[in-house]
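First comes the structure, then the notes that go with it.
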Amino acid sequence: MNPSLEARLRAAAAELNLAAVDEEYRDPFWWDRYGERGRRFAVADGMHHFSYVAEAVAAASPALIGKYARWLRSVLVARGMCSEHLAEGLRIRARLVGSRWPDSGPAVAAFTAAEHALQYTEGSAAALAQVDPAGAAAAVAGHCGVPVAEALHDVRALLSYLGDALAAEDAEIWLTHVEWRVGFDRRCGRPEGYTATALAALAEALVIPRARALVEAARERLP
Amino acid sequence: MQDSIIVVREQYLQAQVTGDQRGALRIVREAVADGHSVRAVQEGVIQAAQHEIGRLWQENRLSIAHEHMATAISQMALVHLFELAPAPRANGRTIVVACVEGELHDLPARLVADYLESEGFSVRFLGANVPTESLCRLLAEDPPDLLALSVTMSFNVTGLRAAVAAVRERLPGLQIAAGGHALAWAPELAEQIGVFVVGAKPEDIVAGLLRQLPGGER
């Protein structure tokens, strides 16, 4: 008899999770910001994702996975990550699981439910989620001569930090990240003024007053 | 003059995060000497401070090491309070309190065990991460009136399912209660697994458990 999806998920979790972490760590952000120690945490946290998804599959309880995702976000944001980082990790795992078994639908749905639970539903953070990053990314790519996909990835991350800061009503979440990012740009060979250009593009694109104010505050702090 | 329980909690929390074991014990001892009930200190100081410790860790304002240090102090403080509590009148009910296999957070279960003991239950507290097979053997040797299982982390719900299934097979008539953060997150699990859940407040826990027993409250 074919083992249940829950059992297969648990059995394959370590292997799938390592593949997911390897993929996540292609983004230089992770090594630069957290190094080897962070990778160990990423592996441990990723295993928890699988445990919760397996439990959500067993219990047919999407509420459980949503609560987990929101709780984990609060833990990760306090440690310098953003919602988009967590969402990306969930998407990667959903894809890996989805391509492993033809009947993996409930597990993919649980990963997707977790990702959706990260969307802010009220206030400026929710409004920010409606902003299309493509325009700002195109401006950054054109001005700095980087591939559009790279610029889009970075603008999306910046918007995510901004959203987390607005939702938590804690400007430091955003300002601390931007400050760190300037050094990161240098270390990974981004063109001079890369983050400044991204912030200028965001200031241009954003009409949400609180979001704009935070972007302007960050621009003032830039060296 | 008696300090409010909130002031006591703040003092206790300060002692916890600085690792001041003797100070923490002195604070709970003095709170009881000043007229706070043992129950009030268990709930309003220890339990509330542990919630705050969890929140501080979540916000990255305390490390895991600090959290463990603080929790170790609370374990000690609970033992201290246990000794300070007046001896209860036995209600003739026996209950086993255990964390399911894999669950390492035993302080919530310890608190529940102490609440129940103070209400006259004869409590056998098994602590953290109790292997299902071992739990079944202990229950079969001397069946209690009730089993209470604790599960904090949702990924340990698997342990709860396994424990309930194994106990049902060995002792089909035994009432099983479950509680903890994992069930607060997904209350629908209780019905699915076939356990009953009691509230989070000590008086709700005690009343809820008594209601499940044959003959109800005594």
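The listed protein sequences derive, respectively, from chains H and S.
Just so you know, numbering that gives the first Met the number 0 puts 145 at position 146 of the first sequence, and the rest follows in order with no gaps.
Just so you know, numbering that gives the first Met the number 0 puts 42 at position 43 of the second sequence, and the rest follows in order with no gaps.
All C-beta atoms, glycine included, are put in the ideal place defined by N, C-alpha and C.
Partners in chain S for R78(H), counting only beta-carbon separations shorter than 9 Å: Counting from 1 along the first sequence, the entry for residue 78(H) is found at position 79. For R78(H), the chain S residues whose Cβ falls inside 9 Å of its Cβ are N59, in order along the chain.
Classification of F120(S) by the beta-carbon crowding that lies within 10 angstroms, buried from 16 upward: Reading the second sequence from its first residue, position 121 is the one you call residue 120(S). Around the C-beta of F120(S), 16 or more other C-beta atoms lie within 10 Å, and the residue is accordingly described as buried.
Where E114(H) falls, given that 16 or more other Cβ within 10 Å makes a residue buried: Reading the first sequence from its first residue, position 115 is the one you call residue 114(H). Buried: at least 16 other Cβ atoms inside 10 Å.
Interface residues of chain S facing V74(H) [CB-CB closer than 7 Å]: On the first sequence, position 75 is the one that residue 74(H) refers to. Within chain S, the residues near V74(H) are Q57.
DSSP-derived helix/strand/coil call for Q129(H): Taking the first residue of the first sequence as position 1, residue 129(H) is located at position 130. Correct three-state label for Q129(H): coil.
C-beta contact flag for L159(S) and I192(S) at 8 Å: Walking along the second sequence from the start, residue 159(S) turns up at place 160. Walking along the second sequence from the start, residue 192(S) turns up at place 193. Taking a C-beta distance under 8 Å as the contact criterion, L159(S) and I192(S) qualify as a contact pair.
Alpha helix (DSSP H) runs wholly inside the segment 57–82 of chain S, at least 4 long, in chain order: List check, alpha helix (DSSP H) in window: nothing returned.
Residue range of the beta strand (DSSP E) that includes A147(S): Your numbering for residue 147(S) matches position 148 in the second sequence. Element bounds for A147(S): 145–149.
Residue-chain proximity (A19(H), chain S), Cβ-Cβ < 8 Å: Mapped onto the first sequence, residue 19(H) falls at position 20. Answer no: the Cβ-Cβ gap between A19(H) and chain S never drops below 8 Å.
Alpha carbon of V96(S) to alpha carbon of D105(S), nearest angstrom: On the second sequence, residue 96(S) is found 97 positions in, with the first residue counted as 1. On the second sequence, residue 105(S) is found 106 positions in, with the first residue counted as 1. Rounded to the nearest whole angstrom, the CA to CA distance from V96(S) to D105(S) is 10 Å.
Per-residue DSSP class, three states only, for R217(S): For the purposes of this step, residue 217(S) is identified with residue 218 of the second sequence, where counting begins at 1. Low local confidence applies: a pLDDT of 45 at R217(S) is under 50, so the model's placement there is unreliable, with the coordinate-based value given in what follows. DSSP places R217(S) outside both helix and strand once states are collapsed to three, so it counts as coil.
Cβ of S50(H) within 8 Å of any chain S Cβ: Counting from 1 along the first sequence, the entry for residue 50(H) is found at position 51. Yes - at least one Cβ of chain S is within 8 Å of the one on S50(H).
Segment limits, beta strand (DSSP E) that includes L204(S): Residue mapping note: residue 204(S) aligns to position 205 of the second sequence, counting from 1. In the sequence as displayed, the identity of residue 204(S) is Ile instead of Leu. I204(S) -> not in any beta strand (DSSP E); alpha helix (DSSP H) instead, spanning 201–211.
Proximal residues to L213(H) (C-beta, below 8 Å), its chain only, five neighbours per side dropped: Numbered from its first residue, the first sequence carries residue 213(H) at position 214. Once the five neighbours on either side are set aside, the close Cβ partners of L213(H) are L161, A164, L165, A170, W173, L174.
Collapsed DSSP secondary structure at R78(H) in the structure displayed: Within the first sequence, residue 78(H) is the residue found at index 79, counting from 1. In the structure shown, R78(H) sits in coil (DSSP, three-state: anything other than H, G, I, E or B).
Residue-level contact to chain S via CB, Y193(H), 8 Å cutoff: The sequence position of residue 193(H) within the first sequence is 194, counting from 1. Taking Cβ atoms only, chain S never reaches closer than 8 Å to Y193(H), which makes this a no.
Y114(S) to V40(S) span [Cα, whole Å]: The residue given as residue 114(S) occupies position 115 in the second sequence. The residue given as residue 40(S) occupies position 41 in the second sequence. Roughly 11 Å separates the two Cα atoms.
8 Å Cβ cutoff met for L157(H) and V130(H): In the first sequence, the residue the question calls residue 157(H) occupies position 158. In the first sequence, the residue the question calls residue 130(H) occupies position 131. The criterion of a C-beta distance shorter than 8 Å is not satisfied by L157(H) and V130(H).
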